[in-house]
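Enquirer: Please find one structure pasted underneath; my questions will follow.
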C-alpha cells in the first residue's frame, strides 16, 4: 500500500503561491527544511506540486501519496556498441541506465534527413500543446516551433524509416505514433516536459485507453544547428547537442506501468540558425489515433 504524507492546507497554499511566483523548487524545499521539515518529506511534497503544475493534474490540498520508487528494468534498446537493423548499422555513442537513455549515430543518412525536411516543410503548422485542463490543442509559448505528422507507413520512404526506428526501439511498428517533424527557428525552444501521458484530461484518458502509455522516445536530428538547440535532461544532468543523423533515445514506462519522472527534458533555445528534428513515440500496444476504429 502506498504511504500518505499529510500536511496542512496552509502549507499547500504557501507552496503553491511560491511556485507560481517563480520560486525555484530547490529554494522552496530549503525554506521548508529551515522549518525543521525532514528533507525527504519536503522534497516529496514540492515534487508533487511541481508535477501537478506541469501536467495539469489536481494540486495537492493536504496530503501526497508517496508512490513506490520507479523500478528500472533492462532497457528495450538492444545491447552493444552498435545495433544492426534491416537496412543500417547504427552506432551507440553513449548509454545511461537511470533513466534508460542512449545517444545514437547514423540513424538517418544526410539524404534521408534532407528528404524528410523537404517532405515536411510544405505541411508545417504552428506546433500545439494540449491544455491540461480542457484537453484541447493550444498554440502556446512552451513550444515555439512548427510541426507536422506523417501517417504511419505513409509512403515507401516513411515506411522504411518507421521500420528502422521500430527495430532500434525494439517494439512493433504498429506501436509507434506517426513520425513527427518539428522545425525550431532561431530563438525557439521547448520548456521542460514529460513525454508520457498524464490522465488529467479527457483526451489523454481516451488515448491511454486506446493505445496504452507511451513508453519510449527517439528524437532524431535532421540538420546541423549553428548554435544551441541541445536536448536537456535536467534531472540527470545530460545535454545532447544536435548533430545531423544522430538521435537521443530514452525510456520512461516499465512493465508495471510506472512512469519515470527522471525523463523530464527540454529543448534548449536555438541561438543561431534553425533546428529540425524527427520524433517517434512508442506505445504499450498498437497505436490507435482518435477517430480510428480499434481491432479489439
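Numbering (the numbering used here), first residue to last: 14 to 309.
From the three backbone atoms N, C-alpha and C, an ideal C-beta is built for every residue, glycine too.
(1) What number of angstroms, rounded off, separates the C-alpha of residue 108 from the C-alpha of residue 276?
(2) Under 7 Å Cβ to Cβ from residue 91, same chain only, skipping five residues before and after it: list those, please.
(3) To which residues of the same chain is residue 237 closer than 6 Å at the C-beta, ignoring the five residues directly before and after it?
(4) Tell me whether residue 290 is buried or exposed, calling it buried when 16 or more other Cβ atoms sit within 10 Å of its Cβ.
(5) Taking the C-alpha atoms as reference points, what is the distance between residue 205 and residue 21?
(6) Under 8 Å Cβ to Cβ from residue 249, same chain only, skipping five residues before and after it: list those, please.
(7) Determine, using beta carbons only, whether residue 225 and residue 193 come nearer to each other than 8 Å.
(8) When burial is assigned at 16 or more other CB atoms within 10 Å of the CB, is residue 26 buried or exposed?
(9) Of all the options 234, 287 and 51, which has the alpha carbon lying nearest to the alpha carbon of residue 18?
(10) Assuming residue 210 and residue 220 are in contact, meaning their beta carbons sit under 8 Å apart, how far apart are those beta carbons, in whole angstroms?
(11) My assumption, with CB atoms under 8 Å, is that residue 61 sits in contact with residue 77. Please give the rounded CB distance.
(12) May I have the straight-line CA-CA distance separating residue 38 from residue 53, to the nearest angstrom?
(13) Which residues share a DSSP beta bridge with residue 206?
(14) What number of angstroms, rounded off, separates the C-alpha of residue 134 from the C-alpha of residue 171?
(15) Taking C-alpha atoms, which residue in 85, 222, 208 and 216 lies nearest to residue 246?
(16) Apart from the five residues on each side of it in sequence, which residues of its chain come closer than 6 Å, Cβ to Cβ, to residue 241?
(17) Leaving aside the five residues before and after residue 180 along the sequence, list all residues of the same chain whose C-beta is less than 7 Å from its C-beta, in chain order.
(18) Can you check whether the C-beta of residue 283 is within less than 8 Å of a C-beta belonging to chain B?
(19) Report buried or exposed for residue 296, applying the criterion of at least 16 other Cβ atoms within 10 angstroms of its Cβ.
(20) What ranges does the alpha helix (DSSP H) occupy inside the segment 51-97, keeping only unbroken runs of at least 4 residues that lie completely in it?
(21) Our contact map puts residue 213 next to residue 69 with C-beta atoms below 8 Å; I'd like the distance itself, whole angstroms only.
(22) Per DSSP, what are the beta-bridge partners of residue 296 in this structure?
(23) Hey, residue 66 and residue 32 are a contact pair by Cβ (cut 8 Å); roughly how many whole angstroms apart?
(24) Given this structure, state the Cα-to-Cα distance separating residue 255 from residue 28, to the nearest angstrom.
(25) Do you know whose CA, among 259, 83 and 292, lies nearest residue 123's CA?
(26) Determine the DSSP secondary structure at residue 126, reduced to helix, strand or coil.
Expert: According to the data block:
(1) Taking the first residue of the chain shown as 1, we reach residue 108 at position 95. Taking the first residue of the chain shown as 1, we reach residue 276 at position 263. Their backbone Cα atoms lie some 14 Å apart in a straight line.
(2) Residue mapping note: residue 91 aligns to position 78 of the chain shown, counting from 1. Hits under 7 Å: 183.
(3) Walking along the chain shown from the start, residue 237 turns up at place 224. Once the five neighbours on either side are set aside, the close Cβ partners of residue 237 are 257.
(4) Locating residue 290 in the chain shown gives position 277, counting from the first residue. Under this definition residue 290 is a buried residue.
(5) For the purposes of this step, residue 205 is taken as residue 192 along the chain shown, with counting starting at 1. For the purposes of this step, residue 21 is taken as residue 8 along the chain shown, with counting starting at 1. Rounded to whole angstroms, residue 205 to residue 21 spans 29 Å at the Cα level.
(6) The residue labelled residue 249 in the question sits at position 236 within the chain shown. For residue 249, where only same-chain residues beyond five positions count, the Cβ hits under 8 Å are 109, 111, 112, 114 and 275.
(7) The residue given as residue 225 occupies position 212 in the chain shown. The residue given as residue 193 occupies position 180 in the chain shown. Going by C-beta atoms, residue 225 is not nearer than 8 Å to residue 193.
(8) As a first step, residue 26 must be located in the chain shown, where it is residue number 13. The residue in question, residue 26, is exposed, as its Cβ has fewer than 16 Cβ neighbours within 10 Å.
(9) Within the chain shown, numbered from 1, the residue matching residue 18 stands at position 5. Closest in C-alpha terms to residue 18, from the list 234, 287 and 51, comes 51.
(10) Within the chain shown, residue 210 is the residue found at index 197, counting from 1. Within the chain shown, residue 220 is the residue found at index 207, counting from 1. So it is a contact: roughly 6 Å between Cβ atoms.
(11) Sequence index remark: in the chain shown, residue 61 carries index 48 (1-based). Sequence index remark: in the chain shown, residue 77 carries index 64 (1-based). Residue 61 to residue 77, Cβ: 4 Å. Contact.
(12) In the chain shown, the residue the question calls residue 38 occupies position 25. In the chain shown, the residue the question calls residue 53 occupies position 40. If you take the alpha carbons of residue 38 and residue 53, they lie about 13 Å apart.
(13) Working through the chain shown from its first residue, we reach residue 206 at position 193. Residue 206 pairs with 278.
(14) Reading the chain shown from its first residue, position 121 is the one you call residue 134. Reading the chain shown from its first residue, position 158 is the one you call residue 171. Near 15 Å, if we compare the C-alpha coordinates of residue 171 and residue 134.
(15) Reading the chain shown from its first residue, position 233 is the one you call residue 246. Checking every option, the nearest Cα to that of residue 246 belongs to 208.
(16) Taking the chain shown and counting its residues from 1, one reaches residue 241 at position 228. If we look at residue 241 and ignore the five residues flanking it on each side, its Cβ neighbours are 281, 282, 283 and 284.
(17) As a first step, residue 180 must be located in the chain shown, where it is residue number 167. Within the same chain, residue 180 has close Cβ partners 98 and 99.
(18) Structure shown: chain B not included; a single protein chain is present.
(19) In the chain shown, counting from the first residue as 1, residue 296 sits at position 283. It counts as buried.
(20) 52-68
(21) Along the chain shown, one-based indexing puts residue 213 at 200. Along the chain shown, one-based indexing puts residue 69 at 56. Yes, they are in contact, since the Cβ atoms of residue 213 and residue 69 sit about 4 Å apart, within 8 Å.
(22) Here residue 296 is taken as the residue at index 283 of the chain shown, counted from 1. 227.
(23) Within the chain shown, numbered from 1, the residue matching residue 66 stands at position 53. Within the chain shown, numbered from 1, the residue matching residue 32 stands at position 19. 6 Å between Cβ atoms; contact.
(24) Against the chain shown, residue 255 aligns to sequence position 242. Against the chain shown, residue 28 aligns to sequence position 15. Distance between the alpha carbons of residue 255 and residue 28 is about 36 Å.
(25) Here the question's residue 123 lines up with position 110 in the chain shown. For residue 123, the nearest C-alpha among the options comes from 259.
(26) Along the chain shown, read from residue 1 onward, the residue named residue 126 stands at position 113. It is helical.
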